[in-house]
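**Q** Under the UniProt record's numbering, the first residue of the sequence shown is numbered 1, with each subsequent residue one higher.
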Amino acid sequence: MDIRKFLIKGQKRKFDNLRDDEEKTIYDGNGEENNINSGTDRTDDKRLNNTNVSDGLISNSISNNNSLSLASTSSSDVAHMNIRREKATECFKHTRYNGRHYVTCEVCLKFPDIVKRFCKNSKQPSITLSGGTIFRNTVLMDHTNSPYHTAATKAYRLNVLDDKQSISNAPMNIHLKKLNNDLATTIGKLMISVYNDAKHLSLSAWSWPSRTVASELANQFVYQTEVPPENKVEIRYVTPPYHSELLSCIVQASLPTFKEEVTNSLALSLRIDGSIDRTQIDKIYVLGKIVTKSGELKTFYLGVAEQSERSASGLLQAVKTAINETCGNYKWIFLKTSSIVTDGASINTGHENGLWKLIAEEIKAMEGKIPLIKIWCAAHRAQLAWKSVTCGRKCVNEASSIISSTESISTYFRTSSVRTSQLKLIAEEHGTEYFHFPKSFEIRWGQHTHHLLSIILKSWHSLVLYFQSTDDKEAKTNGFLSFLRKLQSLKLICAITDILSVFVRLQLKLQLDSLTLIDMAENVNDCIRSLDSLIRDKLAGGWEELLDNSLVYDEDNNITLKNIHITDVPERRRSKHHLYVTDHRNFEAIRGEIILSLKEFLKERFHIDQTLLSAITPFVRLDENAPLNEIHNLIAHDLDFEELSLEYNDICTKEILKNKSLHELVKYLSMLPVGKKEMFSTILTSFARILAATPHSADVERLISANNLIKTSLRSSVNISTETNNLFVHYNGPDLINWNPRPSIQKWLEIKARRQSMRSSENPVSRRQEYCKGVFPEAATHIETKEVKYNTNKF
């Protein structure tokens, strides 16, 4: 049976009830009728059944030959095709005007540009126009099978879908999805290794190809199977440039999550410091510490940039550039900032034109309302206190002399492998201790000095034996021996080491990531109390106590230490000195001056925070008499003061919160149920701003150390963008086991057109590159050829 007969019957059923006296009646796909005025052209999308149109796409691909061949098929197949054909015809609009039957294709009417592409001289058929054409079965069939109707129907189908459905249902995208499936899997495996490299920082892109090939060969190795491994390794995408590209995609895919977490945080603290890298480039490093919605402290990498101008404005511009390169725009970071932490350099803390003031003015210009807490790094302040004791106009000369002498001994051995070997040999022969001497630093960080003095004391016996038996008769060796055998020198070394044991403990506490402003004040006060106790008594279990117990006095008051004679009588440089001035002061006087000077310098450096601490200490401890007016002005000026007062009074009545720390308070308020949490949002934000203001920039010092792992002397050509990408993943990315590479793979597939390469992988060009030397034999041969050409053409 001819398919046209089925269509004719279908059309007759629709128009059996049409009345000739009816001016104009439109029948939609559902059999409903709508009356419209004569001469009005109206297209209603609701009359189109989207499902039927979608089903009609399949039937449009059936050619006339297939239609004619239906006569030989079974009746059930013919009925099935008939249904599909009738669904395809429902995209037509049928009208009756002046007794004539007209038909219009609503799909083609919506997309005239597509129809014109298939028509000669861009002249559209009447059926695709608003007036339509006289209904005939042949016209309907020809139009249904026409290429412009098929193209318009596909366009309509994609038009009614949302974006995700359009992308997934587009034929080209479906084809690319199949082709890129294997490619995405390959890139995903490579991205995992690149991500791991960034997490460790010490692995370079240059060695990435060899490490990837080695890993692939190890995965393919089977003891019973002997297959040439080089023919099974695909390194098309395993090159140093691709390492950088994959790393960039990882960072770009992670940025939305990073920005969302920072934006939704309760408080943000900026931490800024500068350093000169191994290629003498002055860089500014920026970190951000936030308090998340769940009350957790997190540190994020915000950027690094080169400082081109030596001024506060140049420093501010470097900070903006660093944040722009990483976060896209510095403004939203500045508007979120509630505190800033730097060292005490005048370029940062200057009242007239320092970085603190410039950032505050920048925030004010952007109409930011969050008060800015300005903090001088506590670790740097403590170190400056110790530096004042040992260097400068107010220093204790004897302490400076002791440290300089011990540094000279350390340098004496560190610069000669022969002396070091002889010292080790003497220590082994006599069964004494020997420890490797550390490198001395121009900036006398307390921890470095304490470590150096401890090594000198632990290796004292070996050192004295070496200087007594050495053939080196230089004056300095005799000076070292005299220094180590002098009782005054030994006592001072032990005393300074014990004092530094107390002070270094303070420095370590001031570098903790969990440190708060209140903890800083308490730790400083504890250190001062410990120094007060040292004035009265020796440190229990310290070096001074050990020295007193180890000294042996004979009947003639001769002193020996481990069978070595100790000199107790000070030798003056001249036979007579001024009666009231001496260059050999009493040991107790020197020791007392070192302790008292360190106490005073600590108080002087940490007194500047007294105004802030006097307000926030009772506030955090939930004291009912806390100065809420000062708190509002210092840290919560943008928040409602009445709400702050009411919420604080409610919290003070809860006994369960009385003895909690600041971390515990923020965590408790953050974990309240949704309805109850909003009732304490103001006080929670205030506590979070105090918590985020960790009063040290030691975390930025660690960032600088991490950057030095990336840019070594062998990797001096690494640019700032590569450094930023590595540091971003290192600080902001989750652990490797929790990282999902799929968004990064999708980003990589989207950044440029990807196509399947038909190049043979048996001998790719990348195998002949220098970074594959030691992996493939082609690399060594290619390098030798290049060297021969270079040497031949050199002159």
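We treat Cβ as the ideally placed atom computed from N, Cα and C, and that holds for glycine.
If you're wondering where the values come from, they're calculated on a predicted model, not measured in any experiment.
Among S126, D623, E664, whose alpha-carbon lies nearest the alpha-carbon of D142?
**A** In the sequence shown, counting from the first residue as 1, residue 142 sits at position 142. When only C-alpha atoms are compared, the closest one is S126.
**Q** Leaving out five residues before and five after K538 in sequence, what residues of the same chain have Cβ atoms less than 6 Å from its Cβ?
**A** What you label residue 538 is simply residue 538 of the sequence shown in a count that begins at 1. Counting only Cβ-Cβ distances below 6 Å, and skipping sequence neighbours, we find E544, E545.
**Q** Count the other CB atoms within 10 Å of the CB of M520; is the residue buried (16 or more) or exposed (fewer)?
**A** Within the sequence shown, the letter at position 520 stands for residue 520. Buried is the call here.
**Q** Count the other CB atoms within 10 Å of the CB of I656; is the residue buried (16 or more) or exposed (fewer)?
**A** Here residue 656 is taken as the residue at index 656 of the sequence shown, counted from 1. The residue is exposed, with fewer than 16 neighbouring Cβ atoms inside 10 Å.
**Q** Relative to the C-alpha of N740, which candidate in K116, N145, T185 has its C-alpha closest?
**A** Against the sequence shown, residue 740 aligns to sequence position 740. Of the candidates K116, N145, T185, the one whose C-alpha sits nearest the C-alpha of N740 is T185.
**Q** Nearest by alpha-carbon distance to S244: which of H436, I720, R505 is it?
**A** One-based indexing of the sequence shown puts residue 244 at position 244. Here the closest residue by C-alpha is I720.
**Q** Give me, in chain order, the residues of the same chain whose beta-carbon lies closer than 6 Å to that of N708; leave out the 5 immediate sequence neighbours on both sides.
**A** As a first step, residue 708 is located in the sequence shown; it is residue number 708 there, counting from the start. Here the set comprises nothing.
**Q** Do the region 350–367 and the region 308–327 make contact, defined as three or more Cβ pairs closer than 8 Å?
**A** The region 350–367 is in contact with the region 308–327.
**Q** Which residue marks the beginning of the beta strand (DSSP E) containing H565, and which one marks its end?
**A** In the sequence shown, counting from the first residue as 1, residue 565 sits at position 565. Element bounds for H565: 564–566.
**Q** Classify G288 as buried or exposed, calling it buried when 16 or more other Cβ atoms lie within 10 Å of its own Cβ.
**A** Walking along the sequence shown from the start, residue 288 turns up at place 288. Label assigned to G288: buried.
**Q** Starting from A305, trace the beta strand (DSSP E) both ways and give me its first and last residue.
**A** To locate residue 305, count along the sequence shown from 1; it is residue 305. 297–306 is the extent of the beta strand (DSSP E) around A305.
**Q** Quickly, what does DSSP pair L268 with across the bridge? List them, please.
**A** On the sequence shown, residue 268 is found 268 positions in, with the first residue counted as 1. Note: L268 sits in a beta bridge opposite I290, T337.
**Q** Is DSSP giving V53 helix, strand or coil here?
**A** Position 53 of the sequence shown, counted from the first residue, corresponds to residue 53. Note that V53 scores a pLDDT of 35, beneath 50, so its modelled location is shaky; the value from the coordinates is reported in the next line. Helix at V53.
**Q** Report yes if the C-beta distance between L622 and K658 is below 8 Å; otherwise report no.
**A** Counted from its first residue, the sequence shown places residue 622 at position 622. Counted from its first residue, the sequence shown places residue 658 at position 658. Contact: yes.
**Q** Please go through the region 328–405 and give each complete beta strand (DSSP E) segment of 3 or more residues, from N-terminal end onward.
**A** Listed in chain order, the complete beta strand (DSSP E) runs (minimum 3 residues) inside the region 328–405 are 337–342, 373–376.
**Q** Can you tell me whether R742 is buried or exposed, with buried defined as 16 or more other CB within 10 angstroms of its CB?
**A** Position 742 of the sequence shown, counting from 1, holds the residue named residue 742. Flag for R742 reads exposed.
**Q** Once DSSP output is grouped into helix, strand and coil, what is the label at L512?
**A** Against the sequence shown, residue 512 aligns to sequence position 512. Residue state, collapsed to three classes: coil.
**Q** Kindly indicate which three-state DSSP category Y553 falls into: helix, strand or coil?
**A** What you label residue 553 is simply residue 553 of the sequence shown in a count that begins at 1. The answer is strand: DSSP assigns Y553 an E or B state.
**Q** According to DSSP, what are the bridge partners of R96?
**A** In the sequence shown, the residue the question calls residue 96 occupies position 96. DSSP lists H101 as partners of R96.
**Q** Let me check one thing: in DSSP terms, what residues is T133 bridge-paired to?
**A** Position 133 of the sequence shown, counting from 1, holds the residue named residue 133. Answer is V103, bridged to T133.
**Q** Near W208, which residues of its chain fall below 6 Å by C-beta distance, leaving aside the five closest residues on each side in sequence?
**A** Counted from its first residue, the sequence shown places residue 208 at position 208. Contacts found: H243.
**Q** Can you find the residues in the same chain that come closer than 6 Å, C-beta to C-beta, to Q124, ignoring five residues on each side of it along the sequence?
**A** Start at 1 with the first residue of the sequence shown, and residue 124 comes out as number 124. V115, listed in sequence order.
**Q** Taking the alpha-carbon of Y412 as reference, which of D640, I590, L463 has the nearest alpha-carbon?
**A** For the purposes of this step, residue 412 is identified with residue 412 of the sequence shown, where counting begins at 1. When each option's Cα is compared against that of Y412, the closest is L463.
**Q** Return the chain-ordered list of same chain residues with a C-beta closer than 7 Å to the C-beta of I737, the five sequence neighbours on each side being excluded.
**A** Here residue 737 refers to the residue found at position 737 when the sequence shown is read from its first residue. Result list for I737: empty, nothing under 7 Å.
**Q** Using DSSP's beta-bridge definition, name the partner residues of T560.
**A** In the sequence shown, residue 560 corresponds to position 560, counting from 1. Answer is V552, H565, bridged to T560.
**Q** Here's the rule: buried if 16 or more other CB atoms are within 10 angstroms of the residue's CB, otherwise exposed. What is H461?
**A** What you label residue 461 is simply residue 461 of the sequence shown in a count that begins at 1. Flag for H461 reads buried.
**Q** Give the straight-line distance between the Cα atoms of I409 and K199, rounded to the nearest whole angstrom.
**A** The residue labelled residue 409 in the question sits at position 409 within the sequence shown. The residue labelled residue 199 in the question sits at position 199 within the sequence shown. The alpha-carbon atoms of I409 and K199 are separated by roughly 39 Å.
**Q** So does the region 492–509 actually touch the region 447–455, counting three or more Cβ pairs closer than 8 Å?
**A** A contact exists between the region 492–509 and the region 447–455.
**Q** Could you round the C-beta distance between G295 and V666 to whole angstroms and report it? I think they count as a contact, below 8 Å.
**A** Taking the sequence shown and counting its residues from 1, one reaches residue 295 at position 295. Taking the sequence shown and counting its residues from 1, one reaches residue 666 at position 666. Between V666 and G295 the Cβ distance is about 4 Å, and since that is below 8 Å, they are a contact.
**Q** Give the DSSP-derived three-state secondary structure of D498 in the structure shown.
**A** Mapped onto the sequence shown, residue 498 falls at position 498. D498: helix per DSSP, three-state reduction.
**Q** Under 8 Å by Cβ, that's how I've got I187 and Y237 pegged, so tell me the actual separation to the nearest angstrom.
**A** Here residue 187 corresponds to residue number 187 of the sequence shown, with the count starting at 1. Here residue 237 corresponds to residue number 237 of the sequence shown, with the count starting at 1. So it is a contact: roughly 7 Å between Cβ atoms.
**Q** Measure the beta-carbon distance from Y285 to I704 and round it to whole angstroms, keeping in mind my assumption that it falls under 8 Å.
**A** Translated into positions along the sequence shown, residue 285 becomes position 285. Translated into positions along the sequence shown, residue 704 becomes position 704. Correct: roughly 6 Å between the Cβ atoms.
**Q** How would you call E624, buried or exposed, if buried means at least 16 neighbouring beta carbons within 10 angstroms?
**A** Locating residue 624 in the sequence shown gives position 624, counting from the first residue. Classification of E624: exposed, given that the 10 Å Cβ count is below 16.
**Q** Considering only the alpha carbon of each residue, which of K509, L506, K458, Q507 lies closest to L484?
**A** In the sequence shown, the residue the question calls residue 484 occupies position 484. For the residues K509, L506, K458, Q507, the minimum Cα distance to L484 belongs to K458.
**Q** If you follow the alpha helix (DSSP H) that W208 is in, where does it begin and where does it stop?
**A** Against the sequence shown, residue 208 aligns to sequence position 208. Counting along the chain, the alpha helix (DSSP H) containing W208 begins and ends at 208–220.
**Q** Since L492 and T567 should fall inside the 8 Å C-beta cutoff, what is the C-beta to C-beta distance between them, to a whole number of angstroms?
**A** In the sequence shown, the residue the question calls residue 492 occupies position 492. In the sequence shown, the residue the question calls residue 567 occupies position 567. The pair is not a contact, with the Cβ atoms about 14 Å apart (cut-off 8 Å).
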